[in-house]
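Chains as they are written, first to last, in our numbering: chain A, 1 to 160; chain B, 1001 to 1160; chain C, 2001 to 2160.
Please read the structure below before turning to the comments.
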Amino acid sequence: MPSIPSRDALFDQAAATLGHSFDGELVIGGKYASCVRNGNEIYVSGQVPRVGNTVKVTGRVGAGTTLEQAQEGAKICAMRALALLRQAAGSLDNVKQVLRVTVYVQCAEDFTQLSEVGDGASEILQAVLGAAGVPTRTSVGVYQLPKNASVELDMIAALA
Amino acid sequence: MPSIPSRDALFDQAAATLGHSFDGELVIGGKYASCVRNGNEIYVSGQVPRVGNTVKVTGRVGAGTTLEQAQEGAKICAMRALALLRQAAGSLDNVKQVLRVTVYVQCAEDFTQLSEVGDGASEILQAVLGAAGVPTRTSVGVYQLPKNASVELDMIAALA
Amino acid sequence: MPSIPSRDALFDQAAATLGHSFDGELVIGGKYASCVRNGNEIYVSGQVPRVGNTVKVTGRVGAGTTLEQAQEGAKICAMRALALLRQAAGSLDNVKQVLRVTVYVQCAEDFTQLSEVGDGASEILQAVLGAAGVPTRTSVGVYQLPKNASVELDMIAALA
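This is the structure:
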């Protein structure tokens, strides 16, 4: 019988599909912690689509940056959040449920497809975690983001 | 002796006063869950002032959309969040306390009455839940919202 | 042997350094609670850099308001949140860990140093609480804030 792939294997597949590595230390941009746990809840700091030292998707969505690029950015943010969860929890198989994702999009004045940007993150979360990767979500359009990132995502998850 | 109305009855009264129905399935705009529970906490996704398939209050507050319209929008967002809580918890009488409400307002460059927009939501929460409907709150002015909504609101609540 | 200063004493030192008092009732701008507790978690409402009845740092960061002024504003926001925590918990020595801080910055179109603004808040939290004051953090640039504030900060903390 074929074995069911672990979520960590699914994560590695998703990273390969995106063409990026999320191994090793993930650079953060200020004086804070990447993850903090309380009871079975784990908070993950706001993630921009950074790979190594480069923010891969920058600029204002709907004015120079496309929806498709923003969705790619949201996927990278989600992968970073999952990589941090994996480090903190030992394995993504220890995640019971992602509870909340907030997706901030640096957008043009009239760009309203913010949920569609958020769907990029949702696709990653569900591909890796299955039903545990279907959280509540809030998507909003903001005026700027750190490092001129097009997307920023933060998360609260519950561990098993 | 007059009986004390249940919170569900107060919710129905508030819906009638607003002139909208929040029965049945509430349409959402993307790939996520409306509510997720962990322990006694329940997270509710960002709600725009949608009734059926129509977002009732759209546009930029302070530039075409008025404070009063935005407050009406915030009330509808709050009613949607309560409707989802009611579905998830069986009855609003099972809500111990609303813990956090975040109110995002699509606003003009110089529109600063963001707390006043949030007060629209607070009025609904308190009218239906009493002291349990007085949460912590954050109100901010953003650049755009899904579907050109004027207001978006998300929530964390504790169940009894 | 020199005694280790309590966190409440460190808070008072930080207030003196900033040149502001955070004693007494802290004015809030709407119909909500400053703090709400659930289990060992405590939510703190969005704080603007208000001292008494005056918002000390206003305007758009990067367009009239400087990064340094915004950092000062973020410090005041953080002090207000700590003052509320102290009131709610009896003493800051009862805080186990700050879990999440979200920093909203009213910024210019091209102002990307949002994490640097957030670092102002982080410095206060760490100076007063030590490692317990190193939370997860999300910093975003928004279009407006209540009372034309340059910064707003909300928080979730765990009590011992």
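C-beta: ideal position from N, C-alpha, C; glycine also.
Would you kindly report the start and end of the unbroken beta strand (DSSP E) that includes residue i?
| i | result |
| --- | --- |
| residue 91(A) | Element bounds for residue 91(A): n/a, residue is neither H nor E. |
| residue 1152(B) | 1151–1159 |
| residue 2101(C) | 2095–2106 |
| residue 2045(C) | 2041–2047 |
| residue 1142(B) | 1136–1142 |
| residue 2148(C) | Careful: residue 2148(C) lies outside any beta strand (DSSP E) and carries neither H nor E. |
| residue 36(A) | 35–38 |
For residue i, tell me which candidate among the options has the shortest Cα-Cα distance.
| i | options | result |
| --- | --- | --- |
| residue 64(A) | 123(A), 82(A) and 106(A) | 106(A) |
| residue 119(A) | 136(A), 109(A) and 110(A) | 136(A) |
| residue 2033(C) | 1098(B), 1030(B) and 1058(B) | 1098(B) |
| residue 2240(C) | 2048(C), 2024(C), 2108(C) and 2019(C) | In the structure as shown, chain C begins at 2001 and stops at 2160. Residue 2240(C) is therefore absent and cannot be evaluated. |
| residue 1054(B) | 1156(B), 1158(B), 1157(B) and 1150(B) | 1150(B) |
| residue 92(A) | 152(A), 104(A) and 42(A) | 42(A) |
| residue 2050(C) | 2031(C), 2074(C), 2038(C) and 2040(C) | 2074(C) |
| residue 111(A) | 81(A), 79(A) and 70(A) | 70(A) |
| residue 2031(C) | 1012(B), 1125(B), 1159(B) and 1148(B) | 1125(B) |
| residue 58(A) | 132(A), 44(A), 104(A) and 158(A) | 104(A) |
| residue 2017(C) | 2072(C), 2139(C) and 2132(C) | 2072(C) |
| residue 2019(C) | 2056(C), 2045(C) and 2130(C) | 2056(C) |
| residue 1132(B) | 1109(B), 1138(B), 1160(B) and 1144(B) | 1160(B) |
| residue 121(A) | 158(A), 109(A), 145(A) and 68(A) | 68(A) |
| residue 2080(C) | 2108(C), 2021(C), 2109(C) and 2130(C) | 2021(C) |
| residue 1086(B) | 1109(B), 1037(B) and 1144(B) | 1037(B) |
| residue 1077(B) | 1039(B), 1040(B), 1145(B) and 1109(B) | 1145(B) |
| residue 158(A) | 66(A), 40(A) and 13(A) | 40(A) |
| residue 2108(C) | 143(A), 130(A), 66(A) and 13(A) | 143(A) |
Does any C-beta atom of chain B lie closer than 8 Å to the C-beta of residue i?
| i | result |
| --- | --- |
| residue 111(A) | yes |
| residue 97(A) | yes |
| residue 2056(C) | no |
For chain C, find out if any of its Cβ atoms is closer than 8 Å to the Cβ of residue i; answer yes or no.
| i | result |
| --- | --- |
| residue 1143(B) | yes |
| residue 103(A) | no |
| residue 148(A) | yes |
| residue 1122(B) | yes |
| residue 1093(B) | no |
Taking Cβ-Cβ distances shorter than 7 Å, what residues in chain B pair up with residue i?
| i | result |
| --- | --- |
| residue 2045(C) | 1136, 1137 and 1138 |
Residues of chain C with CB closer than 7 Å to the CB of residue i, please, in chain order.
| i | result |
| --- | --- |
| residue 1158(B) | 2038 |
Under 9 Å between beta-carbons, which chain C residues line up against residue i? List them in chain order, please.
| i | result |
| --- | --- |
| residue 5(A) | Ordered by position in chain C, no residue passes the 9 Å Cβ test against residue 5(A), which lies about 29 Å from the chain. |
Which two residues bound the contiguous alpha helix (DSSP H) that contains residue i?
| i | result |
| --- | --- |
| residue 52(A) | It is not in any alpha helix (DSSP H) - residue 52(A) carries neither H nor E in the DSSP assignment. |
| residue 4(A) | Unbroken run through residue 4(A): none, as it is neither H nor E. |
| residue 128(A) | 114–129 |
Rounded to the nearest angstrom, how far is the Cβ of residue i from that of residue j, given a contact under 8 Å?
| i | j | result |
| --- | --- | --- |
| residue 10(A) | residue 134(A) | That belief does not hold up - the Cβ atoms of residue 10(A) and residue 134(A) are roughly 15 Å apart, past 8 Å. |
| residue 61(A) | residue 117(A) | 7 Å |
| residue 1095(B) | residue 1155(B) | Rounded, the Cβ-Cβ distance is 10 Å, inconsistent with contact. |
| residue 47(A) | residue 152(A) | 7 Å |
| residue 114(A) | residue 141(A) | 5 Å |
| residue 1084(B) | residue 1035(B) | 5 Å |
| residue 1052(B) | residue 1147(B) | Residue 1052(B) to residue 1147(B), Cβ: 13 Å. No contact. |
| residue 2138(C) | residue 6(A) | No, residue 2138(C) and residue 6(A) are not in contact; Cβ-Cβ is about 29 Å, not under 8 Å. |
For a cutoff of 8 Å on Cβ pairs, would you count residue i as touching chain A?
| i | result |
| --- | --- |
| residue 1049(B) | no |
| residue 2018(C) | no |
| residue 2068(C) | no |
What in chain C is Cβ-close to residue i, meaning under 8 Å?
| i | result |
| --- | --- |
| residue 946(B) | The question about residue 946(B) has no answer, for chain B in this structure spans 1001 to 1160. |
| residue 152(A) | 2138 and 2140 |
Which residues of chain A have a Cβ atom closer than 8 Å to the Cβ of residue i, listed in chain order?
| i | result |
| --- | --- |
| residue 2107(C) | 143 and 144 |
| residue 2114(C) | 144, 145 and 146 |
Applying a beta-carbon distance threshold of less than 8 Å, which residues of chain B neighbour residue i?
| i | result |
| --- | --- |
| residue 86(A) | Chain B residues near residue 86(A): none, gap ~19 Å exceeds 8 Å. |
For a contact defined as C-beta to C-beta under 9 Å, what are the partners of residue i on chain B?
| i | result |
| --- | --- |
| residue 41(A) | 1038, 1039 and 1041 |
Starting from the beta carbon of residue i, find every residue of chain A whose beta carbon is closer than 7 Å, and list them in chain order.
| i | result |
| --- | --- |
| residue 2118(C) | 30 |
| residue 1035(B) | 136 |
With a threshold of 7 Å (Cβ to nearest heavy atom), would residue i be considered close to the ligand SAH?
| i | result |
| --- | --- |
| residue 27(A) | For the ligand SAH, the structure offers nothing, since it holds no ligand at all. |
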